[in-house]
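Worksheet for the structure shown next.
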Amino acid sequence: MKRINKYIVAVLMTVGASAGMNAQEALRSAYFLEGYNYRHMLNPALAPELNYVSFPALGNLSVGLNGNIGLDDFLFKNGNGQLTTFMSPKVGAGEFLKGLKDVNYMNGNLNMTLLSAGFKGFGGYNTVSLGVQATVGAAIPKDLFRFMKVGMDGDQSHYNFKDLQVDATSIAELALGHSRKINDKLRVGAKVKFLFGLANLNAKIADMDIYMSDLKWEVQARGEMNIAAGKSLYIPTKRESGADYNSDNANQIDWDNVDYDGFNTSGFGLGLDFGASYQLLPNLELSASVTDIGFMTWNNVVKATTPDTKWTFNGFRDVEMYDGQEGGTSLDDQWDTIGDDLEDCMNFQREPGSGSRTSGLGATVMLGGLYTTPFYSGLKGGLLFTQRINGKFSWTEARVSANLCPVKWFDLSANYALSSFGSTLGWVVNFHPKGLNFFVGSDYQFYKVTPQYVPVGKINANVTIGINITFGKRG
Amino acid sequence: MKKVKLLTVVAALGTGFSGLLHSCVDHDYDLSEDMDLVVGVGGGQLTVPNSSTEEYPLSKILDLDEGSSIRPDGALYGLSEGDYVLVQGGDPTQSEVKIDAVIINGLQGNSASTLIDVPKIPSSGLPSGVNSLDIVIGGQPDASKWWVIAIDPIVNSVDISEDNITPDLVSLESIGCDINMQFELKPSVTGIQTGTLVLRKDFTVVFDKNYTLELTTPESREFCTVVDGHKLIFTADRYVPNNSTLLLPVKISKVDFSDLPAGQGLDENHCFRLSSSVTTTGTMSVVSDDVSGDADISVGLLTATRFYSNSASITEATGIVNPKIDINDTDFTINDIPDFLAEDGNNLDVYNPQIYLSVTNSSPASVEFSTVLRSYIGGEVSAEVPVGNDVEPIVIEPGNNLICISRTGESNRPGVTKNVVVAEIGSLIASIPDKIEVTRTVAKVCGRPYTFRLGNTYKFDIETEAVAPLAFGPDLRFTYTDEEDNWDEDFEKYNFNQVILKATVLNTIPMSLKPNARLLFDGYTEDVKVDVEVDGMIEAGTLMEPKESSFTVTFTSSVPNLAGLIGIAYVFDSFNPEVGIPLNENQSIKFTNIGLTLKGGITVDLND
């Protein structure tokens, strides 16, 4: 049972996205499509044209991956036309490492709107949404790959890894929004979001030195880990679990005896979105939003740190040459000791007690401009600038789009973005006849895929799909 | 119309989208195809920090069983505590030396009868004051004394001979014998009524001067004694009734051959001849009471040499003898020796191996001795060394002998009576044999005179022991190999480019060692190999002066993978020893600064 619970925790923590969560994601490709019901997620001032109720769990379902690395960074041709991994001796270190960034990261996310509704009223447009999101992200410094590939580079080598990090978060969100027209040109909106933490894991090695020479190997790591999954999560130390321990590892987490015996929320947060749109010219509309201003407090956080001790291996000393030799130690015993010492050095030690951890949500700023062509009112050009502000996981994007609305019940957008993740194409098709809204689109359209539809290049891909029931009058 | 438009748009978008997807498929990255999952671990180089071992003492390297012939018993042999000595004793062999008693069948004496004419006795009888008529045998006549009659000495003969003397007797200087005979004196007188004859004091019977006589009866010794060994001289007057025989039983106990006339003694045909005379002299008297005037008297004397039996024995012989000495082969097995010391092709060049012969020679003679020492390995003769020869034999003296046969002439056991240098003896244990045999042993009594009791059995016992301090000479060559061949892993998925092993060694073992190694493959073939290059060696040291040296072993793989790898053999070629310094159980090698570098890392094939 304990083992099963442990896996549940792991799944909860790893289903989903991102280092530093952001609120429910919507398609940025559809930012300028008036028929897209979930523009209010990007800018609370942008109200849908009709009332709507989402199809349960399918109102706005988004799955995505982002990263600055891709499959072709890790798979190569071996000279015989066969694929091989970056660890193949036939792949040169330079060839492999030149494709990597100093920090290589990859985020995955799943956003599911369980239920959402929008309706006109209270002098404006109101939205209510209930959804969940899960994110997982990892950041791996280039030196780690260099270490894996090269090992010792000469008689002595030094590697320094910074910001090796894994983060997994799962939260539920209840959002209430309202927008209204201030005048003919200006429309504003705001949203308040209540966040309920389901689980969070953040582990990072902030700084790690590996020094290798023919005289010694040294490893020193400074790491921290925070885990929050409610009161039901029991993460014992070796002292508490009854495992073998000594004074050095008494507080070390005993992963084998982690227990999870029931679901609880583990945190609460509050977020605010603000937005506005302004019809600057008859054919030019500007808009701006700031979303996810707020915090998330995780309760019952288990905090653990690495002991910040230096592990040193000076070689095997006085290996006994026969069983029981006085003054000697067997090679097996020395191996065990070295392994134990390294484990003690790298393993997290739980801090006394449990507390709470509060962090910002990481705000997103979006600035948009929509230009309606004079020759065809159904064709609009858009420019959307997005700045995600979230520490190491901040990113920037500029997206230019062509938005076509040939008929009232259908519009589409094709766009191109330059971002921290590289360049990408986006697209969306949105059907919104009376009574139904169906859309599908992607902000990161991959160019090349394997025959198994795995993106070959930088692993930036997402797809969003939604089915909603609309009602009411347009306008 | 609207419905048609919608369907058209959907169809167009669907077709375009699927076409877009299809055109973006990169078949170079078909993940369903087999992927080359060979990975390299360790990259350019991986060096394990310098390591060290504890001392590896020689006692553990040799790993001797309790019953091994090699023992750290140097202190018992005048060496240092803990010095290794190969010690192995053999079964004792017992031999007998005997010269059979010689029976002399040719014994012959004779008799001589002498009749003495006595002048007519004057009627006045014997002059006043003279109370006997004296016959002086061997005396000078005196005309003034008619009653003193001188006659020549009486001579008898004794002949002793034997034609079948044992060839064990080569020449004789003397013999001890047990020849019993008697000398008879039978005086007689006629012309008087009653007669009593007196053999006067100093009556003498002289045997050959080479004889040694003993009077064998107490009665005879009451009036007679042996003077100068061969003279029977009366110490008192002896009255002998007329016509009675006075017996003088004597034994010839010794015959001296050193001054025998030509033709006598022991000849080359093993014939034995002694011919001698017995001369009788002295005064025989007819006492006066019986001598009346005008008596017409005649006096006779019968002398005879007579043997009691037809044969007699020689009990002892002094001279040059050549008895047969049969010495059985013996051997000793060398037990529980480390295999590497017994491998073919070794040349241990043991500095001073020693074979001890402990010989108890109860005979009175020194014995010349030669033998052959032969070593066996696997039932085959590995070396053969003659010890002693006709020109330079080993001489075993009477009594207890401890003879050390060695390479240098130095011995490690106390009480050695003789050191024999045999330079080639080292070849016996150039590689430690299974056994050493002492064979083809020839022993003979030295060509000098000795006195042997004939018929007596003398013992000639030999015990052998090999003692070889494990110290080596300059030609030492042997190879120590230790194999680990139980790696229970399948290395088919693994390979490496180059492994460099460096080490510094502190050595107190008094021999240089050239390290080497060999990876062991099951079903090894020539084209499946890992090249090994060695640079440097372990220099010889001693307990007093440890030596530090370094070596490098480089393994370069040219195999596709390590399939069949089952272990590694460590090889140390030994040579250039500190000459004469024994191995000691406290000597050791200690590895420091052990550096293990993987160049090019390890290749792991993760393909199925």
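If you read the sequences in order, they're chains A and B. Counting in the working numbering, the first sequence runs from 113 upward without gaps. Counting in the working numbering, the second sequence runs from 4 upward without gaps. Note that beta-carbon positions come from the ideal geometry of N, C-alpha and C, so glycine has one too. Bear in mind the structure is a predicted one, so any value in this text is a computation, not a measurement.
> What's the call for N149 of chain A, buried or exposed, on a 16-neighbour Cβ count within 10 Å?
Replying inline: Against the first sequence, residue 149 of chain A aligns to sequence position 37. So N149 of chain A ends up on the buried side.
> Quick one: what's H233 of chain B bridged to in DSSP?
Replying inline: The residue given as residue 233 of chain B occupies position 230 in the second sequence. DSSP output for H233 of chain B lists no bridge partner at all.
> Hey, quick one: how far does the alpha helix (DSSP H) through G309 of chain A stretch, first residue to last?
Replying inline: Here residue 309 of chain A is taken as the residue at index 197 of the first sequence, counted from 1. Going by DSSP, G309 of chain A is part of no alpha helix (DSSP H) but of the beta strand (DSSP E) stretching over 298-325.
> Does the beta carbon of Q332 of chain A come closer than 8 Å to any beta carbon on chain B?
Replying inline: Here residue 332 of chain A refers to the residue found at position 220 when the first sequence is read from its first residue. False, the Cβ-Cβ gap to chain B never drops below 8 Å.
> For N527 of chain A, which three-state DSSP category applies?
Replying inline: Within the first sequence, numbered from 1, the residue matching residue 527 of chain A stands at position 415. Correct three-state label for N527 of chain A: strand.
>> Please classify S72 of chain B as buried or exposed, where buried requires at least 16 neighbouring CB atoms within 10 angstroms.
In response: Position 69 of the second sequence holds residue 72 of chain B. S72 of chain B counts as buried, since at least 16 other C-beta atoms from the protein chains shown sit within 10 angstroms of its C-beta.
> Comparing the C-beta of P52 of chain B with each C-beta of chain A, is any distance below 8 Å?
Replying inline: Along the second sequence, one-based indexing puts residue 52 of chain B at 49. The beta carbon of P52 of chain B falls within 8 Å of a beta carbon belonging to chain A, placing the residue at that interface.
> Looking only at its own chain, which residues have a Cβ that is under 6 Å from the Cβ of G85 of chain B, when we skip the five neighbours before and after it?
Replying inline: For the purposes of this step, residue 85 of chain B is taken as residue 82 along the second sequence, with counting starting at 1. Within the same chain, G85 of chain B has close Cβ partners P75, N587, E588, N589.
> Within this structure, are the beta carbons of L307 of chain A and G383 of chain A separated by less than 8 Å?
Replying inline: Translated into positions along the first sequence, residue 307 of chain A becomes position 195. Translated into positions along the first sequence, residue 383 of chain A becomes position 271. Taking the C-beta atoms as reference points, G383 of chain A is found nearer than 8 Å to L307 of chain A.
> For V533 of chain B and chain A, any beta-carbon pair shorter than 8 Å?
Replying inline: For the purposes of this step, residue 533 of chain B is taken as residue 530 along the second sequence, with counting starting at 1. Taking a beta-carbon distance threshold of 8 Å, V533 of chain B does not count as an interface residue toward chain A.
> So what does DSSP say about S174 of chain A, is it helix, strand or coil?
Replying inline: Residue mapping note: residue 174 of chain A aligns to position 62 of the first sequence, counting from 1. For S174 of chain A, the secondary structure class from DSSP, reduced to helix, strand or coil, is strand.
> Does the separation of the CB atoms of N510 of chain B and I592 of chain B fall below 8 Å?
Replying inline: Taking the first residue of the second sequence as position 1, residue 510 of chain B is located at position 507. Taking the first residue of the second sequence as position 1, residue 592 of chain B is located at position 589. In contact: N510 of chain B and I592 of chain B (Cβ atoms closer than 8 Å).
> If we ignore side chains and look at the alpha-carbon of each, how far apart do S430 of chain B and A469 of chain B end up?
Replying inline: Sequence index remark: in the second sequence, residue 430 of chain B carries index 427 (1-based). Sequence index remark: in the second sequence, residue 469 of chain B carries index 466 (1-based). Within the model, the alpha-carbon separation for S430 of chain B versus A469 of chain B is close to 14 Å.
> Checking contacts by CB at 8 Å: is Q501 of chain B closer than that to chain A?
Replying inline: Translated into positions along the second sequence, residue 501 of chain B becomes position 498. So no, Q501 of chain B is outside the interface.
> To the nearest angstrom, how far is it from the Cα of Q185 of chain B to the Cα of V441 of chain B?
Replying inline: For the purposes of this step, residue 185 of chain B is taken as the residue at position 182 of the second sequence. For the purposes of this step, residue 441 of chain B is taken as the residue at position 438 of the second sequence. Between Q185 of chain B and V441 of chain B, the C-alpha separation is close to 54 Å.
> Which residue from A:G467, A:L530, A:P518 puts its Cα closest to that of P545 of chain A?
Replying inline: Your numbering for residue 545 of chain A matches position 433 in the first sequence. Out of A:G467, A:L530, A:P518, A:P518 has the C-alpha closest to the C-alpha of P545 of chain A.
>> Between P472 of chain B and V582 of chain B, how many whole angstroms is the CB-CB distance? I'm expecting something under 8 Å.
In response: Your numbering for residue 472 of chain B matches position 469 in the second sequence. Your numbering for residue 582 of chain B matches position 579 in the second sequence. Going by Cβ atoms, the distance from P472 of chain B to V582 of chain B rounds to 12 Å, so no, they are not a contact pair.
>> Strictly below 8 Å CB to CB, what residues from chain A border Y497 of chain B?
In response: In the second sequence, residue 497 of chain B corresponds to position 494, counting from 1. The premise fails here: Y497 of chain B is roughly 13 Å from chain A at the closest Cβ pair, so nothing lies under 8 Å.
>> Do N350 of chain B and L479 of chain B have their beta-carbon atoms positioned less than 8 Å apart in this structure?
In response: Here residue 479 of chain B corresponds to residue number 476 of the second sequence, with the count starting at 1. Here residue 350 of chain B corresponds to residue number 347 of the second sequence, with the count starting at 1. For L479 of chain B and N350 of chain B, yes; Cβs fall inside 8 Å.
> Which of the three DSSP states, helix, strand or coil, is assigned to H544 of chain A?
Replying inline: Counting from 1 along the first sequence, the entry for residue 544 of chain A is found at position 432. If DSSP states are grouped into helix, strand and coil, H544 of chain A belongs with coil.
>> Assuming K261 of chain A is part of the alpha helix (DSSP H), what are its boundary residues?
In response: As a first step, residue 261 of chain A must be located in the first sequence, where it is residue number 149. K261 of chain A -> alpha helix (DSSP H) spans 254-262.
>> My output table needs one value for M287 of chain B: the three-state DSSP class, helix, strand or coil.
In response: In the second sequence, the residue the question calls residue 287 of chain B occupies position 284. Strand.
>> Quick test of your reading: V612 of chain B and I178 of chain B, contact by CB under 8 Å. State the CB separation rounded to the nearest angstrom.
In response: Within the shown structure, residues of chain B are numbered from 4 to 611, placing residue 612 of chain B beyond reach of any answer.
>> Looking at L34 of chain B: is its Cβ nearer than 8 Å to the Cβ of T562 of chain A?
In response: If you number the second sequence from 1, residue 34 of chain B lands on position 31. If you number the first sequence from 1, residue 562 of chain A lands on position 450. The answer is yes: Cβ separation under 8 Å.
> Tell me which same chain residues have a C-beta within less than 7 Å of the C-beta of F231 of chain A, skipping the five on either side of it?
Replying inline: Position 119 of the first sequence holds residue 231 of chain A. Excluding sequence neighbours, F231 of chain A sits near N163, N238.
>> So W329 of chain A contacts chain B; which residues on that side make the cut at Cβ distance below 7 Å?
In response: As a working mapping, residue 329 of chain A is identified with position 217 in the first sequence. Listed along chain B, the residues sitting closer than 7 Å to W329 of chain A by beta-carbon distance are P52.
>> Quick check: G179 of chain A and N219 of chain A, are their CB atoms within less than 8 Å of each other?
In response: Residue mapping note: residue 179 of chain A aligns to position 67 of the first sequence, counting from 1. Residue mapping note: residue 219 of chain A aligns to position 107 of the first sequence, counting from 1. Taking a C-beta distance under 8 Å as the contact criterion, G179 of chain A and N219 of chain A qualify as a contact pair.
> Among B:D332, B:V324, B:S378, which one has its Cα closest to the Cα of A345 of chain B?
Replying inline: As a first step, residue 345 of chain B is located in the second sequence; it is residue number 342 there, counting from the start. A345 of chain B has its Cα closest to that of B:S378, out of B:D332, B:V324, B:S378.
> Once you ignore the five residues that flank P160 of chain A on each side, which residues in its own chain have a CB closer than 6 Å to its CB?
Replying inline: What you label residue 160 of chain A is simply residue 48 of the first sequence in a count that begins at 1. Same-chain partners within the cutoff: N149, G230.
>> My parser needs the beta strand (DSSP E) runs of 3 or more residues fully inside the stretch 379-421 of chain B; what are they?
In response: Note on the stretch 379-421 of chain B: whole beta strand (DSSP E) runs with a minimum of 3 residues are 383-390, 397-399, 402-409, in chain order.
>> Whole angstroms are fine: how far does the CA of M153 of chain A sit from the CA of I577 of chain A?
In response: Within the first sequence, residue 577 of chain A is the residue found at index 465, counting from 1. Within the first sequence, residue 153 of chain A is the residue found at index 41, counting from 1. Approximately 15 Å between the Cα atoms of the pair.
>> Measuring only the C-alpha atoms, how far is I330 of chain B from P367 of chain B?
In response: As a working mapping, residue 330 of chain B is identified with position 327 in the second sequence. As a working mapping, residue 367 of chain B is identified with position 364 in the second sequence. Those two C-alpha atoms are separated by around 18 Å.
>> Quick check on A265 of chain B: buried or exposed, where buried means 16 or more other Cβ atoms within 10 Å of its Cβ?
In response: Position 262 of the second sequence, counting from 1, holds the residue named residue 265 of chain B. With fewer than 16 Cβ atoms within 10 Å of its Cβ, A265 of chain B is classed as exposed.
> Who are the neighbours of Y59 of chain B on chain A, taking C-beta pairs under 7 Å?
Replying inline: Numbered from its first residue, the second sequence carries residue 59 of chain B at position 56. M433, listed in chain order.
> Given that E36 of chain B touches chain A, what residues does it touch there, using C-beta distances under 8 Å?
Replying inline: To locate residue 36 of chain B, count along the second sequence from 1; it is residue 33. Q194, L195, listed in chain order.
> Since D334 of chain B is in the alpha helix (DSSP H), which residue starts that stretch and which ends it?
Replying inline: Within the second sequence, the letter at position 331 stands for residue 334 of chain B. Element bounds for D334 of chain B: not the alpha helix (DSSP H) but the beta strand (DSSP E), 333-336.
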